[in-house]
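Numbering (the UniProt record's numbering), first residue to last: 1 to 254.
Even glycine gets a Cβ: it sits at the ideal position worked out from N, Cα and C.
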């Protein structure tokens, strides 16, 4: 890890300069402070003033976290363009993308703490064993999802990560399948939608998005319906527990 820079309760002007420098030097940035958040895109939203942590990553990813829950309350994907300025004695941090048109505006009323980092990390996350088994199960028997489905590729790369399964249905539609081993929320729906957006930007037509998981939250189900995606309930395959012999059992076999 390279040099870590930190500011405690800086002025808006100092915060703005600090953020600009982190963006310019492709640093990971965290900001703890009082902010309001405005999102304009597929579904406009506004989050009133509150204390939150904003994370800005070198690849353009922007995350806004509240004190509870693992998922960000607002976010923008890799490839988004960040910018910052001081406006009316407040810090205005924007994250924008053009296809589709989405703008996340974070207005920071007070910065409590901000830190920038140079991180070195080339590791890749391997697929969870149960999700990997789901992937193999569907690849071998695509009719689990629907009759006539043909799986073309697993782990297909996109600008937003790897698609679990890419296939075509009996009508010739492209099908993107996202697999989850547990109950899913709106974040999983958004991730599936971004994969679809990625291929639509490349000129693909007639794309279906299917989210596969054991269950789904009501909010995620509504988002699925609003965005004309699909959810299929599927439990991950049961894994056989490894039976470990005791010392006495081992001796009895001698």
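- Local conformation of residue 193 per DSSP, three classes: Here residue 193 refers to the residue found at position 193 of the chain shown. If DSSP states are grouped into helix, strand and coil, residue 193 belongs with the helices.
- Do you know how far the Cα of residue 213 is from the Cα of residue 205? Looking up residue 205 in the chain shown gives position 205. Looking up residue 213 in the chain shown gives position 213. C-alpha separation (whole angstroms): 25 Å.
- Task: Report the rounded CA-to-CA distance for residue 169 versus residue 69, giving the unit in angstroms.
- Result: For the purposes of this step, residue 169 is identified with residue 169 of the chain shown, where counting begins at 1. For the purposes of this step, residue 69 is identified with residue 69 of the chain shown, where counting begins at 1. Near 36 Å, if we compare the C-alpha coordinates of residue 69 and residue 169.
- Roughly how many angstroms separate the alpha carbons of residue 122 and residue 26, rounded to a whole number? Numbered from its first residue, the chain shown carries residue 122 at position 122. Numbered from its first residue, the chain shown carries residue 26 at position 26. If I take the Cα positions, the gap works out to 16 Å.
- Message: Please give me, in chain order, every unbroken run of the alpha helix (DSSP H) with length at least 4 that falls completely inside the UniProt domain "Endonuclease NucS C-terminal" (131-246).
- Response: Fully enclosed alpha helix (DSSP H) runs of 4 or longer: 186-201, 218-226.
- Query: If we ignore side chains and look at the alpha-carbon of each, how far apart do residue 30 and residue 21 end up?
  - Reply: The residue you call residue 30 lines up with position 30 of the chain shown. The residue you call residue 21 lines up with position 21 of the chain shown. So the alpha carbons of these two residues sit roughly 13 Å apart.
- Item | CB of residue 78 within 7 Å of CB of residue 95, strictly | Within the chain shown, numbered from 1, the residue matching residue 78 stands at position 78. Within the chain shown, numbered from 1, the residue matching residue 95 stands at position 95. Between residue 78 and residue 95, the C-beta gap is not smaller than 7 Å, which leaves the two residues out of contact.
- Sorted by chain position, which residues of the same chain lie with C-beta nearer than 8 Å to residue 12's C-beta, five sequence neighbours on each side aside? Taking the first residue of the chain shown as position 1, residue 12 is located at position 12. Excluding positions up to five away in sequence, the list reads 86, 89, 90, 91, 108, 111.
- Message: Would residue 198 and residue 160 qualify as a contact pair, given that the criterion is a beta-carbon distance under 7 Å?
- Response: As a position in the chain shown, residue 198 is number 198, starting the count at 1. As a position in the chain shown, residue 160 is number 160, starting the count at 1. A contact, by the Cβ cut-off of 7 Å.
- Based on Cα-Cα distance, which residue from 132, 225, 66 lies nearest to residue 190? The residue you call residue 190 lines up with position 190 of the chain shown. Of the candidates 132, 225, 66, the one whose C-alpha sits nearest the C-alpha of residue 190 is 225.
- Message: If you measure between the beta carbons of residue 178 and residue 192, is that distance less than 7 Å?
- Response: Within the chain shown, residue 178 is the residue found at index 178, counting from 1. Within the chain shown, residue 192 is the residue found at index 192, counting from 1. Yes, the pair counts as a contact, with Cβ atoms nearer than the cut-off.
- Assigned exposure category for residue 180 - 16 Cβ within 10 Å defines buried: If you number the chain shown from 1, residue 180 lands on position 180. Buried: at least 16 other Cβ atoms inside 10 Å.
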